[in-house]
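Some notes on the structure that comes next.
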Amino acid sequence: MSDLKTGPGVDLDEFIEETISIYPAKVAKKRRGHMLVRDGGQEGLNQTINANARSVPGIITQRGCCYAGCKGVVIGPYGDMVHITHGPVGCGFYSWMTRRNLFRPGPDKKNYSQYCFSTDMQEHDIIFGGEKKLKQAIREAYETFRPNAISVHATCPVGLIGDDVAAVAREAEKELGVKVLAFNCEGYKGVSQSAGHHIANNRLFSDVVGTKDQAVEGYSVNVLGEYNIGGDAWEIERVLEKCGIKVAATFSGDGKYETMTYAHMASLNLVMCHRSINYLAEMMETKYGIPWAKVNFIGIRAMSKSLRKIAAFFDDPELTSRIEQVIAEEEKLALDGIAPYRARLEGKTAMLFVGGSRAHHYQDLLRDLGMIPVAAGYEFAHRDDYEGRQALKDIKLDADSRNIEELKVNPDPDRYRPRLSPEKLEQLEKDKVLKSYDGMLPDMPQGTLVVDDISHVELERLILTLKPDLLLSGIKDKYIIEKFGVPSKQLHNYDYSGPFAGYRGAVNFAGEIDMMINNPAWKLVSNPFKRKPLLQAGLGTDQ
Amino acid sequence: MTTRQALRVNPAKTCQPIGAMYAALGINRCLPHSHGSQGCCSYHRSHLTRHYKEPVMASTSSFTEGASVFGGSPNLRQSLKTIFQVYDPDVVAVHTTCLSETIGDDIPTIVKKAADDGIVPEGKWVIHASTPSYVGSHVTGFSNMVKGMASYFTRESSVKHKDQVNILPGYVEPSDMREIKGMVSEMGLKPLVFPDTSDVLDTPKTGEYHMYPRGGITVPDLMKTGSSLHTMALGQFSSLDAASYMDHKANVPFTLVDIPIGVKATDRFLQGIMDATGAEPTGSMLDDRGRLVDMMTDYQHYLYGKKVALWGDPDQVISLAEFLVSMGMKPVYLVTGTPGKVFEKRLTSITSDGNFEPVIAQNQDLFYLHQLIKNEPVDLLMGNTYGKYIARAEDIPFVRYGFPILDRAGHSYFPSVGYRGGMHLLSTIVNTILDRMDRDAPEERFELVL
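For the protein sequence lines, the chains are A and B, in the order given. Under the numbering used here, the first residue of the first sequence carries the number 16, and numbering increases by one thereafter. Under the numbering used here, the first residue of the second sequence carries the number 16, and numbering increases by one thereafter.
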């Protein structure tokens, strides 16, 4: 039985059984594995959840496709590149600036982030093949725009008709003398956008990272899995630089093509979104010896904790003391900043159904505000994002994941450079500073609910049963939730606001949540005339 | 101008399925279903939601690699089973995607088999439209789904009700469908409007959520369309196919007119109804007409001779261009992403006595339009949200019009069709120009009364 404020008398196990009883028997059995009630009473984590499995056809899901994960999420943010969608017009059109990853051009002033490029395939191209058109499109893109690099993204029909986008890209690269990256990220691959992240990571690793050996001075890090929604990356960079830490490259928010080429020279990789980019972090570690640390820059205390991980890695008393100074100063400002909001938000409950890390990260920020996360789940995560990386050994490859290439990576004979002594490395791994992610489940207390790949009816029933004060989700759900009278914030695009990362971001977020929950307009939702009917019945009408 | 043969830059159209999804939402208790991989459905729902700021429900066949290779029939069967048990719609409106079209899934056959096997419950409907994304545009997809509605529901009938008319409103806003329905009702007729997204994509907030809002044409009403006296088809690109189908199948004659934006197009719309039914516009409608003309002349000095760049869906651009020309404005660039030669033909005729040489281009994109504007600027931009990059780069005032509008309020609540809609549209245009005059005025020319 839950002991939450919102769930008096709500037995969550019963809730799950009742919810899945709506489905046909086979579907119910499948969905059952994607839900669990946190049992925090036992030592360690002894619960497992099903994730990264196919959504049932016909079920209304929040998920997108492989193309959305590759072009939409990981590659799209590089603003000095031209990204060509090879396919009919729709895919490119919908991924046109809708993720809000902000981009500030570098000294070369190249910026194509506001453009949409597509080969706009027609029936003729589907029948006779689209390779020639693609080749010509790449040529035209280069001649008109002179970008620093070009990417090509295959959509569903391209895979079916067998256009060899990689070969076209290779030829174009030779002809034009500019890097052309091809991605076979056809929408049907894998079971969600997650497949596209992996495909994107593979190509960046094999063709871009490590192509230029330019030294990066000082305490240098790469920030991985940060997409600069609403300027998040800029706030993170501000704080890191104040600490004396240099950001060599951000993958991929506000990303420049060139910074990726020498990212292998940095000292440490910081992984924000574990799901979308852990592949790249691991491959860079194997090949170049860069260790990685899982961080969370969302939330005041989470930010400080992440900074301390960096301090532990570099282990320089001077740097550590500067980091502690920054933490003290910034934490005070941020805590003062959120104080008035916190007073109004304390004890309010929230649910989070979003992304493949945000549903976890934002719980830290909600707790900073005194709010209680009562239910959460990811859209496209794998088991390790819930249960921690120790689950990796138990995850069996199925047909859908086997279709995504696993690169075989070996240490680079010339450029592998250990950043730490083996003893120090071992110690930091033991201390869970490096190579460690425990996942979302351990952070969710007893009696909270976890639902993977939540469906529309499940969400609807959760709102009616647990009556949260706030629901953090995405655009497709937002207005459904708000019709119930429950405010909903989009965590994919921040409702066109931000930044929410770091210390200043936390204060922004607090202000926005206060606005959403305490806006007097919500009080107008219920019908004011209920108590005194305007018309008496029985006047010859059938009302 | 750089010419391009292969690269589309900043498209002025999107793909068929989103139009089909939008149309399907205009049937009461209908769940649109996207037969393809998840991304299409997700993208279409997201984009429609961004435009309407309303829930947009639709399901997907969730293709993975296996379905793409071996065919999507099992996915559609499983979908129908799940959908009817879990969401209980009256109608499932299936549209295809480039994926299911390329592998050649035959929807009617799959559905028939599913129905024979008892997967489709008694009294429930599964309709479909073929909407490969590599043909036409979202407007074509809309038209195909409307035709699908006619082909599944329209019944031949020897009885024709003289006060009942079918209205195919075209690809317009819920507010426009409401306004059109209102005008026809005011003339004493019973309009069967389909699709009708009013009360579906503009629902009130009451604290309750209904997966199927009260709006949309009902199945019984759709089945009555064969007994209507006449069909008014608004917009050649979005409504002609369904209208001629109904004429052919159920012997309901039709009149094809433009979407009634502006005085002339609204006049023709009402005249068409008068000719077919004998019903007349009411005095209050004529008063509205007079008020619109009054506004057009009251504000003529801000409008006359102004050069405008106009882009968007062909039916809308055609009507809007005529409205602007009727006020003495000069829509010098007229661009649509949707292919179709009729666009150029109609606009050539509309602009022929306007004393200017317009550039009219179908199947073109916004990068091309931007190049035109760079070479020869205009005073006003009118089109969907994606024009904001041109507006900012060239510092030109901008009235958002069409689909999609992702960054301004009101488009789905206030109509632009009919005389009343014209007043609303005109005030938006005039106020945008006046705001700009105030912003640009030097101190000595900053005037209180304009």
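For every residue, glycine included, the Cβ atom is placed at its ideal position computed from N, Cα and C.
- Close to chain A, meaning a Cβ-Cβ distance shorter than 9 Å, are the following residues of the region 37–59 of chain B: L46, H48, G51, S52, Q53, G54, C55, C56, S57, Y58 and H59.
- Counting along the chain, the unbroken alpha helix (DSSP H) around G298/B starts and ends at G298 to D313.
- By a beta-carbon distance limit of 8 Å, V89/A contacts H212/A. Their separation comes to about 6 Å.
- Along the region 78–95 of chain B, the positions whose C-beta sits under 9 Å from a C-beta of chain A are F78, T79, E80, G81, A82, S83, V84, G87, P89, N90, L91, R92, Q93, S94 and L95, read in chain order.
- Scanning its chain for C-beta atoms nearer than 6 Å, with the 5 sequence neighbours on each side dropped, one finds around L191/A the residues Y157, in chain order.
- In the three-state reduction of the DSSP assignment, T274/A falls in the helix class.
- Around the beta carbon of A182/A, fewer than 16 other beta carbons sit within 10 angstroms, so the residue counts as exposed.
- Rounded to the nearest whole angstrom, the C-alpha separation of G156/B and L285/B is 27 Å.
- With fewer than 16 other Cβ atoms from the protein chains shown falling within 10 Å of its own Cβ, G233/A counts as exposed.
- Chain-order list of chain A residues neighbouring Q100/B: I37, Y38 and P39, by C-beta distance under 8 Å.
- Residue environment analysis places K302/A among the buried positions, since at least 16 neighbouring C-beta atoms fall within 10 angstroms of its C-beta.
- For D468/A, the closest of E421/A, D179/A and Y401/A by C-alpha to C-alpha distance is Y401/A.
- Annotated three-state conformation of D453/B is helix, per DSSP.
- Residues of chain A with a Cβ closer than 9 Å to the Cβ of V150/B are, in chain order, P103, Q137 and E138.
- If you check the CB distance, S83/B and Y509/A do not come in under 9 Å.
- Look at Y109/A: its C-beta is under 9 Å from a C-beta on chain B.
- Taking C-beta atoms as the reference points, C106/A and C30/B count as a pair closer than 9 Å.
- Scanning its chain for C-beta atoms nearer than 7 Å, with the 5 sequence neighbours on each side dropped, one finds around L295/A the residues N216, L219, F220, L239 and F266, in chain order.
- Contact annotation for Q151/A against chain B: Q20, A21 and L22 [CB-CB distance below 8 Å, chain order].
- Between the region 105–116 of chain B and the region 222–236 of chain A, the count of Cβ pairs shorter than 8 Å is below three; the stretches do not touch.
- Using a CB distance cut-off of 9 Å, E444/A does not count as an interface residue toward chain B.
- Contact annotation, G277/B with Y416/B: C-beta distance approximately 12 Å; criterion of less than 8 Å not satisfied.
- If you look at H375/A, you'll find it in the alpha helix (DSSP H) that goes R373 to D383.
- Annotation for W140/B: the continuous beta strand (DSSP E) segment containing it runs W140 to A144.
- Per the C-alpha coordinates, the member of T64/B, D236/B and V141/B positioned closest to S94/B is V141/B.
- Exclusion of the five residues before and after K150/A leaves V183, E186 and A187 as the residues of its chain whose Cβ lies within less than 8 Å of its Cβ.
- Non-local beta-carbon contacts of A376/B in its own chain, meaning distances under 6 Å to residues more than five positions away in sequence, involve V350 in chain order.
- Chain A has a Cβ within less than 9 Å of the Cβ of T29/B.
- By the Cβ test, the region 364–374 of chain A is not in contact with the region 335–351 of chain A, since fewer than three Cβ pairs between them sit closer than 8 Å.
- Residue state for I325/A is assigned as helix, using DSSP reduced to three classes.
- Taken in chain order, the whole alpha helix (DSSP H) runs of length 4 or more contained in the region 334–414 of chain B are 357–365, 381–390 and 403–409.
- Assigned with DSSP and collapsed to three states, D103/B falls in coil, not helix or strand.
- Taking C-beta separations shorter than 8 Å and ignoring five residues to either side along the sequence, the partners of P147/B in its chain run Q31, T111, T112, C113, E116 and T117, following chain order.
- In the three-state reduction of the DSSP assignment, Q93/B falls in the helix class, which pools H, G and I.
- Close CB contacts of N65/A within its chain, under the 6 Å cut and outside five residues either way in sequence, are with G48 and H49 (chain order).
- Interface flag for Q62/A against chain B is unset, since no Cβ pair is found closer than 9 Å.
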